[in-house]
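Shown next, in structure tokens, is the structure this report addresses.
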Amino acid sequence: MTSDVKELYQQLIVDHSKSPRNCRVLEGADASAEGHNPLCGDRVTLFVKLEGDRVKDLSFQGNGCAISTASASLLTEVLKGKTRAEAEALFTSFHDLVTGHGAKDSGPELGKLKVFAGVSEFPVRVKCATLVWHTLRAALARVQQPATDADAAHAR
Amino acid sequence: MTAATATLAERIRRDFPALDQTVHGRPLVYLDNAATAQKPRAVLDAITGYYAGDCANIHRGIHTLSERATEAYEGARGKAQRFLKAPEAREIIFVRGTTEGINLVAHSFVRPRLKPGDEILITAMEHHSNIVPWQIIAGETGASLRVAPIDDHGELILDRFERMIGPRTKFVSVTQVSNALGTVNPVADMVAMAHARGVPVLVDGAQAAPHRKVDVQALGCDFYAFSGHKVYGPTGVGVLYGKAGLLDAMPPYQGGGDMIRSVTFEKTEFNGLPYKFEAGTPDIAGVIGLGAALDYVGKIGLDNIAAHEGELLRYATDEVLKVPGVRIIGTAPKKEGVLSFVVDGVHPHDVGTILDREGIAVRAGHHCAQPVMARFGIPATARASFAAYNTFEEVDALVRGIRKVKEILG
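Those sequence lines, one after another, are chains A and B.
Numbered according to the numbering used here, the first sequence spans residues 358 to 513.
Numbered according to the numbering used here, the second sequence spans residues 37 to 446.
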């Protein structure tokens with residue numbers, strides 16, 4: 358028996374896709390990265406502001422399906438205040454969730470992100486849910502590099 | 037709907053084994069025919085028949101199996117010749133598909149003629165396969181690609197096209213039917229305009245050949261390419277037609293076996309047409325399968341197919357527009373079997389996913405026509421495309437599916 362499509366389009370996902378949070382350019386961002394899924398044309402630009410090792414603020418802009426937009430919107434809410442290590446651990450747990458590998462006991466609490474559990478029944482949509490997470494990784498990796506040239510960190 | 041067309045789909049559906057299945061618990065409604073069409077049993081049998089009974093290489097064996105395989109392979113060439121109404125069988129080159137046909141012409145015919153400042157003219161509704169090969173050879177030679185514009189309905193602005201054919205234009209390559217919009221181009225007129233200025237023309241027939249009778253002599257085009265898999269044939273095989281005089285004068289595209297007359301390490305004498313352009317062992321089973329597909333289409337009759345699909349498109353257009361918030365992209369007066377649409381506030385991928393769960397297969401995306409999407413200011417569309425076996429009930433299912441999309445995400 359196949360799961361109902363409403364398992365995928367949970368109310369919270371529909372809500373965040375229709376009214377995405379933190380959908381703007383972040384002034385004074387330390388880094389940004391652009392994610393692109395050439396197969397379906399989804400695009401997201403993620404902006405990150407850091408304070409030491411912690412994500413102080415983040416925002417996104419983009420054009421994509423309900424899943425990718427809601428994923429970006431929820432990421433910006435959930436990641437605020439997290440350390441790099443916490444962000445990385447969340448990514449692993451989130452990835453396990455949407456690919457159907459089940460959240461590990463040792464992983465962090467996914468909270469609201471659990472709403473994406475239905476994605477695991479729709480393998481072709483996994484990329485939509487994870488696009489912004491890969492983009493986050495790219496953005497964080499840029500700040501790690503010795504930032505001798507601020508423009509170079511933004512270049513893409 | 038008339039009784040005759042209502043029964044066409046019903047009569048032939050049982051010929052297509054893949055149509056008889058459920059997807060996510062619903063009967064399959066296959067509306068992605070512009071991507072690839074399903075295959076009738078006659079095609080599957082022809083492919084199996086070759087492998088099970090006649091499997092041998094062609095043009096070289098003296099033994100019986102090779103003779104049978106060669107006969108079937110060359111028989112398919114004759115079928116393709118008659119399908120396109122080409123004057124001679126040697127003007128039919130078997131290729132992997134439309135894309136390879138276009139690349140062959142780009143590299144063997146057009147590239148050697150290009151100088152810096154020369155121009156290749158296409159239209160704004162081309163598939164990537166009729167854009168990228170020209171960009172590649174333009175980049176290599178210093179030539180440039182020019183693009184004739186389309187209007188808000190997705191119709192070519194014909195006088196702009198005509199004015200763009202100038203003294204620097206060395207080649208024109210245009211699609212007969214747009215895969216993303218369904219627009220039918222007046223290619224016979226376009227060929228005449230180009231020929232009036234001495235410019236040769238390739239017609240991309242990938243989306244036309246499955247739906248309408250093609251007569252390359254009436255069109256007057258110099259080259260015509262189409263893909264087997266969209267005409268109910270197998271994937272990996274297609275046809276390039278070229279005028280014999282032009283093909284004869286062109287250098288080979290690839291070197292290898294079967295395309296030579298004699299080889300020494302000093303010199304190779306190339307084979308004549310069409311073998312000069314068919315290096316290596318071809319997709320023998322695919323070509324034989326394509327021959328069976330052309331027979332099948334001939335048996336149903338392209339005029340019957342065109343009439344049925346025309347009624348389906350009209351019906352689908354009317355019904356889909358009854359759903360509030362649905363917009364059709366591509367509203368040219370002359371269209372073929374393609375219904376590209378967007379649902380307000382809903383991304384086409386979500387449309388595609390929700391329809392899939394209803395058993396309805398449509399394409400969602402840019403359809404390898406990103407410039408077309410950019411022209412209409414949208415990232416993608418959902419596209420339903422029709423074949424001879426589609427029914428009016430399937431259109432009803434599509435419309436119900438779109439209403440469900442609105443219910444979930446609207």
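All residues carry an ideal CB built from backbone N, CA and C; glycine is no exception.
Spatial neighbours of residue i in its chain, beta-carbon cut-off 6 angstroms, leaving aside the 5 residues before and after
i        : result
Ala82/B  : Ile324, Gly325 and Ala328
Arg182/B : Glu155, Leu157 and Met200
Ala390/A : Leu403, Thr492, Ala495 and Ala496
Val223/B : Gln212, Val239 and Leu255
Leu283/B : Leu309
Val131/B : Gly137, Gly274 and Leu276
Gln117/B : Ala125 and Ile128
Ser214/B : Met161
Leu432/A : Val489
Cβ neighbour criterion (16 or more within 10 Å) applied to residue i
i        : result
Thr359/A : With a pLDDT of only 49 at Thr359/A, under 50, the local geometry of the prediction cannot be trusted, and no value is derived from it.
Gln57/B  : exposed
Phe52/B  : buried
His458/A : exposed
Gly281/B : exposed
Thr440/A : exposed
Thr300/B : exposed
Ala442/A : exposed
Gln253/B : exposed
Pro384/B : buried
Ser428/A : buried
Glu384/A : exposed
Pro152/B : exposed
Lys266/B : buried
Beta-bridge partners of residue i, as assigned by DSSP
i        : result
Arg411/A : Glu408/A and Thr440/A
Ile11/B  : This structure cannot settle anything about residue 11/B, because the visible part of chain B is limited to 37 through 446.
Leu403/A : Ala390/A and Phe417/A
Ile364/B : Phe377/B
Ser209/B : Leu238/B
Arg482/A : According to DSSP, Arg482/A bridges with nothing at all.
Glu155/B : Ser180/B and Thr205/B
Ala261/B : Asp240/B and Leu276/B
Nearest-angstrom Cα separation, counted from residue j out to residue i
i        : j        : result
Leu338/B : Thr367/B : 23 angstroms
Gln418/A : Tyr109/B : 55 angstroms
Arg514/A : Val455/A : No information on residue 514/A is available, as it lies outside the stretch 358 to 513 that chain A covers here.
Arg113/B : Val275/B : 9 angstroms
Gly218/B : Gly346/B : 11 angstroms
Ile424/A : Gly388/B : 13 angstroms
Arg419/B : Tyr351/B : 15 angstroms
Met286/B : Arg50/B  : 45 angstroms
Cys397/A : Arg411/B : 17 angstroms
Thr449/A : Lys437/A : 17 angstroms
His403/B : Ala388/A : 33 angstroms
Ala433/B : Gly137/B : 37 angstroms
Leu67/B  : Lys303/B : 52 angstroms
Arg515/A : Pro415/B : Residue 515/A is absent from the structure shown; chain A starts at 358 and stops at 513.
Val208/B : Gly413/B : 26 angstroms
Arg513/A : Arg400/A : Its pLDDT being 41, under 50, Arg513/A is placed unreliably by the model, and nothing is read from it.
Asp195/B : Ser180/B : 21 angstroms
Leu369/A : Pro63/B  : 31 angstroms
Phe262/B : Tyr332/B : 17 angstroms
Gly5/B   : Asn307/B : Nothing can be reported for residue 5/B, as the shown portion of chain B is limited to 37 through 446.
Gly234/B : Glu198/B : 13 angstroms
Residue i: CB within 7 angstroms of a non-hydrogen atom of the ligand GTP
i        : result
Ala329/B : Absent from the structure shown: the ligand GTP. Ligands present: none.
Own chain, CB closer than 8 angstroms to residue i, minus 5 neighbours either side, in chain order
i        : result
Tyr87/B  : Ala321
Val435/A : Leu447, Gly468, Lys469 and Leu470
Ile364/B : Thr353, Val356, Leu357, Leu375, Ser376 and Phe377
Ile390/B : Gly437, Lys440, Val441, Ile444 and Leu445
Pro369/B : His189 and Glu191
Asp90/B  : Leu101, Arg104, Ala105 and Ala108
Residues near residue i in its chain [Cβ-Cβ closer than 7 angstroms; skip 5 each side]
i        : result
Lys413/A : Lys406 and Leu407
Leu349/B : Lys371, Gly373, Leu375 and Phe422
Lys279/B : Glu127 and Asp258
Ala474/A : Leu454
Pro185/B : Ala160, Ile193 and Arg196
Chain C contact for residue i (CB, 8 angstroms cutoff)
i        : result
Leu445/B : In the displayed structure, chain C is absent; the protein chains listed are A and B.
Using a Cβ cut-off of 7 angstroms, which residues of the segment 420-436 of chain A contact any Cβ in chain B, in chain order? Using a CB distance below 7 angstroms, the part of the segment 420-436 of chain A facing chain B consists of Asn420, Gly421, Cys422 and Ala423, ordered along the chain.
By the 9 angstroms beta-carbon criterion, what residues does the segment 477-492 of chain A contribute toward chain B? Under the 9 angstroms Cβ criterion, the segment 477-492 of chain A contributes Phe479, Val481, Arg482 and Cys485.
In the segment 391-408 of chain B, which residues sit with their C-beta less than 7 angstroms from some C-beta in chain A, listed in chain order? If the cut-off is 7 angstroms between Cβ atoms, the segment 391-408 of chain B has Arg393, Gly401 and His402 near chain A.
Return the residues of the segment 58-85 of chain B that lie within a Cβ-Cβ distance of less than 7 angstroms from chain A, sorted by chain order. Hits within the stretch, in order: His60 and Gly61.
What are the residues in the segment 364-393 of chain A lying within 9 angstroms of chain B by C-beta distance? Residues of the segment 364-393 of chain A with a Cβ closer than 9 angstroms to any Cβ of chain B, in chain order: Leu365, Tyr366, Val371, Ser374 and Lys375.
Taking only beta carbons into account, state which residues of the segment 130-141 of chain B come closer than 7 angstroms to chain A, listed in chain order. So nothing in the stretch comes that close.
If contact means a Cβ-Cβ distance below 7 angstroms, which residues of the segment 413-434 of chain B contact chain A? Cβ contacts with chain A: Pro415 and Ala416.
Taking only beta carbons into account, state which residues of the segment 362-385 of chain B come closer than 9 angstroms to chain A, listed in chain order. Answer in chain order: Gly381, Val382, His383, Pro384 and His385.
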